[in-house]
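Residue numbers (this note's numbering), protein chains in the order written: chain A, 13 to 329; chain B, 13 to 329; chain C, 13 to 329.
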Amino acid sequence: MTTEWTHKDLLDVKDLSREEIELVLETAKSFKEVSARDVKKVPALRGKTVVMLFFENSTRTRASFELAAKRLSADTINISAGGSSLSKGETVLDTARNLEAMNIDAIVVRHPSSGVPDVLARHLKAVVINAGDGCRAHPTQALLDLFTIKEKLGKIDGLKVGIVGDILHSRVARSNIWGFNKLGARVTVCGPSTLMPPGVEKLGIKVTNDIDELIRESDVLMLLRLQKERQENQFLPSVREYAKRFGVNQERLKQAKKDIVIMHPGPTNRGVELSAEVADGEYSVILDQVTNGVAVRMAVLYLLLGKGKSKVEEGNV
Amino acid sequence: MTTEWTHKDLLDVKDLSREEIELVLETAKSFKEVSARDVKKVPALRGKTVVMLFFENSTRTRASFELAAKRLSADTINISAGGSSLSKGETVLDTARNLEAMNIDAIVVRHPSSGVPDVLARHLKAVVINAGDGCRAHPTQALLDLFTIKEKLGKIDGLKVGIVGDILHSRVARSNIWGFNKLGARVTVCGPSTLMPPGVEKLGIKVTNDIDELIRESDVLMLLRLQKERQENQFLPSVREYAKRFGVNQERLKQAKKDIVIMHPGPTNRGVELSAEVADGEYSVILDQVTNGVAVRMAVLYLLLGKGKSKVEEGNV
Amino acid sequence: MTTEWTHKDLLDVKDLSREEIELVLETAKSFKEVSARDVKKVPALRGKTVVMLFFENSTRTRASFELAAKRLSADTINISAGGSSLSKGETVLDTARNLEAMNIDAIVVRHPSSGVPDVLARHLKAVVINAGDGCRAHPTQALLDLFTIKEKLGKIDGLKVGIVGDILHSRVARSNIWGFNKLGARVTVCGPSTLMPPGVEKLGIKVTNDIDELIRESDVLMLLRLQKERQENQFLPSVREYAKRFGVNQERLKQAKKDIVIMHPGPTNRGVELSAEVADGEYSVILDQVTNGVAVRMAVLYLLLGKGKSKVEEGNV
Chain A
13 MTTEWTHKDL LDVKDLSREE IELVLETAKS FKEVSARDVK KVPALRGKTV
63 VMLFFENSTR TRASFELAAK RLSADTINIS AGGSSLSKGE TVLDTARNLE
113 AMNIDAIVVR HPSSGVPDVL ARHLKAVVIN AGDGCRAHPT QALLDLFTIK
163 EKLGKIDGLK VGIVGDILHS RVARSNIWGF NKLGARVTVC GPSTLMPPGV
213 EKLGIKVTND IDELIRESDV LMLLRLQKER QENQFLPSVR EYAKRFGVNQ
263 ERLKQAKKDI VIMHPGPTNR GVELSAEVAD GEYSVILDQV TNGVAVRMAV
313 LYLLLGKGKS KVEEGNV
Chain B
13 MTTEWTHKDL LDVKDLSREE IELVLETAKS FKEVSARDVK KVPALRGKTV
63 VMLFFENSTR TRASFELAAK RLSADTINIS AGGSSLSKGE TVLDTARNLE
113 AMNIDAIVVR HPSSGVPDVL ARHLKAVVIN AGDGCRAHPT QALLDLFTIK
163 EKLGKIDGLK VGIVGDILHS RVARSNIWGF NKLGARVTVC GPSTLMPPGV
213 EKLGIKVTND IDELIRESDV LMLLRLQKER QENQFLPSVR EYAKRFGVNQ
263 ERLKQAKKDI VIMHPGPTNR GVELSAEVAD GEYSVILDQV TNGVAVRMAV
313 LYLLLGKGKS KVEEGNV
Chain C
13 MTTEWTHKDL LDVKDLSREE IELVLETAKS FKEVSARDVK KVPALRGKTV
63 VMLFFENSTR TRASFELAAK RLSADTINIS AGGSSLSKGE TVLDTARNLE
113 AMNIDAIVVR HPSSGVPDVL ARHLKAVVIN AGDGCRAHPT QALLDLFTIK
163 EKLGKIDGLK VGIVGDILHS RVARSNIWGF NKLGARVTVC GPSTLMPPGV
213 EKLGIKVTND IDELIRESDV LMLLRLQKER QENQFLPSVR EYAKRFGVNQ
263 ERLKQAKKDI VIMHPGPTNR GVELSAEVAD GEYSVILDQV TNGVAVRMAV
313 LYLLLGKGKS KVEEGNV
């Protein structure tokens, strides 16, 4: 592979070419092997500093990035919205500029407002990695999902992918739709009409409200987390009603293809988006997604932090 | 010593044989020397990942484990109940399974509910270390207490140990009683009858409510922290009354043996369980306990993380 | 330079001789170069443990110290007031004594009460570094300010320095006044009379309430953060009034010397102490201060942690 990585930041899958996505997935393959070793550590980013700047709570995404950075031997700093001068009314950009002045190399940022990572990227020389912004994008989630599907099914091209749930508010769905489109999978989204963005078909995807038909046709079924707040905000009649109409259980899965892949970005609401049996069952790759998340984030950090102009060189890994 | 360490996890002193306890203490001795060096670091666990998963606040236990892991060159990740997707209603086991999927090697868990570490241990391949669960067990505290006594008095066997305070709610007391029983010390517990578990004698120990007699007879006196909430919950008439009846001060200590050892797991309530003079006095080993805590936790991490099938090898330490 | 560093702790600029301050600045120069490298890491403090003990929120000071320690290869532990047994009513000294018992090497402490670092320093063998105590002292801030001025203007001696704002409550002002006095700069303070300490002239400085005259005369203008709480507490008629009377904007700066240096310890209130144009303008060294903060804190950690009896030796950096 001779693709070169040219982006300063990782903000959205939308910005990446098919070749660039494939470069990330290829690079992640080498790094997945590192986390399976007895000594899970390579010196690739020794002496680099990666800041985790999280304005929303997150166990797994923060831990995944932090582990990825540490396994590359980078130093890490955690800054969360509580316990920082952010409570003194400083703007996000000001905070980031100050961190940059400390010669940090990368900022991994999660923020409830869409577009915040782009603002930082535009003003900073440091690398900015979007770890989820508002309802807009969560690129490393999409990349790890693509990695997991390719690992399980050997390809992305030509696959039929169903995405089920709250498409309207989901940065995971948005980033994955971009990724699937670029790699040649055909996406159908499914969910309550109140949680479907108007004009979603313009993204080049199909829409259905028949979960059973979707299950029969799909090679991959991606279930989105249902935020219980949606019910309070009247997007949903009730969580129970949602579970009955869109929840995936063993009974419904009987209609599926034999090698269907069931995905969920986590954390799951067992009994809502899917039954416990399905979550822990033979088709579920939910924990593989988590495992692959570390590898993909190692790849992203590696490609962005200056060593990734071409493929991973053997000597470094 | 030819004992081999065979446990996957450390959940309770109850599960350990006398020989296994002694192996931990012996191993800790080598590691205590590491923390006294100018360069307090050995490469034993390089490339391993240890997660601190704390659902209760803790300065010293968390810091002690984190330092222990770092001095063994492991990478560490901190996750506390606030600031995590735990607030999204994910179960503890789900969180732990996700961490495990990230190829972490050990989870150090503290939780207000008894038995949580056992549930994790049963379902995970990763090492689980109980850093305190509910009122049930706090095994590393008992091990560091045993280490400290052996260091001060040269032996455990045959010693008379008094444990004073809220036995009913104390995981420290429970774990220590197991440890003392296994190593041949004779335990007497003392405290308000409302804070004494019914049938505590069945654990093979004696009960008294005469603190002065206990002081006269004991080689070791272990004072437990009094949670002030107990008063509100009507377990206690008043903290002042408790201090008067069970608090250890210089006057009372005059009756003690010359080389009595005064212990407290901390944090102390000065003026309640013991006077400031006693806490800082010549018999107190409270800060030794803290020092030894790091060494014992290094030993536990070392034995559990796969290098500890036999004794510490010279080359690694 | 043959000055030797003899202090166990860094509590206040007041305690340092001119030569000692210059030793810090000289040492920081070597370390600034480290943070500009591709591999920002030297082994100077490998195997040392530095604890960040913060009882007040702080993004930048905590991050700056943490980065400084990590770039020197020390291990770091974060302890903040929430999430610690401090909420169990343990005294600060007790906490610190416990940390010391874990063989940590240095405690970096920030506390809302003046004098807390001194109490710790008096009772501990471990190194204590004051990262800001109440309204009293913030020595590393003053040292990084001196470093920045020297870097920009080539000297401190003989400079005219204006400090503007809430002198009464400012530990930054206090520490800087000590530093400027010792290095031969002449300080004039300026601000609302309600925010001026009575008898401030006794510190050997001048007082004015004419910001325009101060701007015309100063080589260096240091603006202090205005705490908005001051208005509620009736120290100030209104923030808007303050901004109008003491805020520095482009218009006002036209009267200044051509190479005036504008400083602010951050975080800034844009539109209050200074306009956005001035904060981002050609005279502002605000982000240089942040960059230099890491270098100065590396120097301080290095000098205090036992290798700094004389100058930095080449081999270590």
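No residue lacks a Cβ here, since even glycine has one placed at the ideal position from N, Cα and C.
Practice task
Return the chain-ordered ranges of every beta strand (DSSP E) run that is complete within the segment 77-144 of chain C and spans a minimum of 3 residues.
Solution key: Counting only unbroken stretches of 3 or more residues, the beta strand (DSSP E) elements lying wholly within the segment 77-144 of chain C are 87-92, 118-123, in sequence order.
Handout entry: Cβ of C:Asn-115 within 7 Å of any chain B Cβ
Key = yes
Practice task
Please go through the same chain and pick out, in chain order, the residues whose beta-carbon is closer than 6 Å to the beta-carbon of B:Val-63, but skip the five residues on each side of it.
Solution key: So the list reads Ile-89, Leu-111, Ile-116, Ile-119, once near-sequence residues are dropped.
Handout entry: Where C:Leu-248 falls: helix, strand or coil (DSSP)
Key = coil
Handout entry: C:Val-54 burial status per 10 Å Cβ neighbour count (16 or more: buried)
Key = buried
Handout entry: Under 7 Å by beta carbon: chain C residues contacting B:Leu-79
Key = Against chain C, a Cβ distance below 7 Å from B:Leu-79 picks out Thr-61, Ile-89, Met-114.
Problem - Contact test: A:Leu-171 Cβ vs the ligand ADP heavy atom, cutoff 6 Å - result: This structure simply doesn't include the ligand ADP, nor any ligand for that matter.
Handout entry: CB contact check: B:Lys-82 to chain C, cutoff 7 Å
Key = yes
Exercise for the section: Could you tell me whether the Cβ of B:Asn-69 comes closer than 7 Å to any Cβ of chain A? Expected result: Taking Cβ atoms only, chain A never reaches closer than 7 Å to B:Asn-69, which makes this a no.
Practice task
Kindly say whether A:Ser-96, judged by its beta-carbon, lies nearer than 7 Å to any beta-carbon of chain C.
Solution key: Confidence is the limiting factor: at A:Ser-96 the pLDDT is only 47, short of 50, which leaves the residue's position unreliable, though a coordinate-based value still follows. At least one chain C Cβ lies under 7 Å of A:Ser-96.
Practice task
Please compile the residues from chain C whose C-beta is within a distance smaller than 9 Å of the C-beta of B:Leu-299.
Solution key: Arg-109, Asn-110, Glu-112, Ala-113
Exercise for the section: Mind the definition here: the segment 17-29 of chain A touches the segment 309-318 of chain A only if three or more C-beta pairs lie below 8 Å; say whether that holds. Expected result: yes
Practice task
Please work out which residues of its chain come closer than 6 Å, Cβ to Cβ, to B:Lys-26, disregarding the five sequence neighbours upstream and downstream, and give them in chain order.
Solution key: Trp-190
Practice task
Would you mind sorting A:Glu-241 into buried or exposed? The rule is 16 or more other CB atoms within 10 Å of its CB.
Solution key: It is exposed - the Cβ of A:Glu-241 has fewer than 16 other Cβ atoms within 10 Å.
Problem - Neighbour list for A:Arg-58 in chain C, Cβ cutoff strictly below 9 Å - result: Val-51, Lys-53
Handout entry: Residue from A:Ala-40, A:Tyr-254, A:Gln-243 with nearest C-alpha to A:Asn-221
Key = A:Tyr-254
Handout entry: Within chain C, the residues that B:Pro-249 reaches when beta carbons sit closer than 9 Å
Key = Residues of chain C passing the Cβ test: none, with the nearest at roughly 20 Å.
Practice task
Taking only the alpha-carbon atoms, compute the straight-line gap between C:Phe-43 and C:Arg-122 and give it to the nearest angstrom.
Solution key: 24 Å
Exercise for the section: Could you tell me which residues DSSP puts in a beta bridge with C:Leu-6? Expected result: An answer regarding residue 6 of chain C cannot be provided, because it is not within the stretch 13 to 329 covered by chain C.
Problem - Contacts around B:His-276, its chain only, beta-carbon distance under 6 Å, and the 5 residues preceding and following it disregarded - result: Leu-235, Ile-298
Exercise for the section: Scan the segment 221-237 of chain A for residues whose Cβ lies nearer than 9 Å to a Cβ of chain C and list them as they occur along the chain. Expected result: Of all residues in the segment 221-237 of chain A, none has a Cβ within less than 9 Å of some Cβ in chain C.
Exercise for the section: Kindly indicate which residue of B:Asp-178, B:Val-302, B:Ser-230, B:Ala-185 has the alpha-carbon position closest to the one of B:Glu-285. Expected result: Looking at B:Asp-178, B:Val-302, B:Ser-230, B:Ala-185, the one whose alpha-carbon comes closest to that of B:Glu-285 is B:Asp-178.
Problem - Nearest-angstrom Cα separation, counted from C:Val-46 out to A:Asp-87 - result: 15 Å
Handout entry: 7 Å Cβ shell around A:Glu-31 - same chain, five flanking residues per side excluded
Key = Thr-15
Exercise for the section: State yes or no: is the beta carbon of C:Leu-315 nearer than 7 Å to at least one beta carbon in chain B? Expected result: no
Practice task
Can you pull the chain B residues whose beta carbon is under 9 Å from the beta carbon of A:Ala-48, in chain order?
Solution key: Within 9 Å Cβ-Cβ: Asn-115.
Practice task
Establish whether the CB of A:Ala-307 and some CB of chain B are separated by less than 7 Å.
Solution key: no
Practice task
Spell out the partners DSSP gives C:Ala-149 in its beta bridges.
Solution key: DSSP lists C:Asp-145 as partners of C:Ala-149.
Practice task
Please report how far the alpha carbon of A:Asn-188 lies from the alpha carbon of A:Arg-282, in whole angstroms.
Solution key: Whole-angstrom Cα-Cα distance: 22 Å.
Exercise for the section: Output yes if chain B places a C-beta closer than 7 Å to the C-beta of A:Thr-303; else output no. Expected result: yes
Practice task
For chain A, find out if any of its Cβ atoms is closer than 7 Å to the Cβ of C:Ala-75; answer yes or no.
Solution key: yes
Handout entry: Contact under 7 Å by Cβ, B:Ile-366 with B:Val-260
Key = Shown here, chain B extends from 13 to 329; a query on residue 366 of chain B therefore has no answer.
Handout entry: Classification of B:Arg-309 by the beta-carbon crowding that lies within 10 angstroms, buried from 16 upward
Key = Of the other Cβ atoms in all chains shown, 16 or more fall within 10 Å of the Cβ of B:Arg-309; this residue is therefore buried.
Problem - Run of the alpha helix (DSSP H) containing C:Val-290, from where it starts to where it stops - result: 288-291
Handout entry: Cβ of B:Arg-264 within 7 Å of any chain A Cβ
Key = Proximity of B:Arg-264 to chain A, defined by a Cβ-Cβ separation below 7 Å, is not satisfied.
Practice task
For B:Ser-125, I'd like the list of residues in its chain whose CB is within less than 8 Å of its CB, leaving aside the five on either flank, ordered along the chain.
Solution key: Counting only Cβ-Cβ distances below 8 Å, and skipping sequence neighbours, we find Asp-145, Gly-146.
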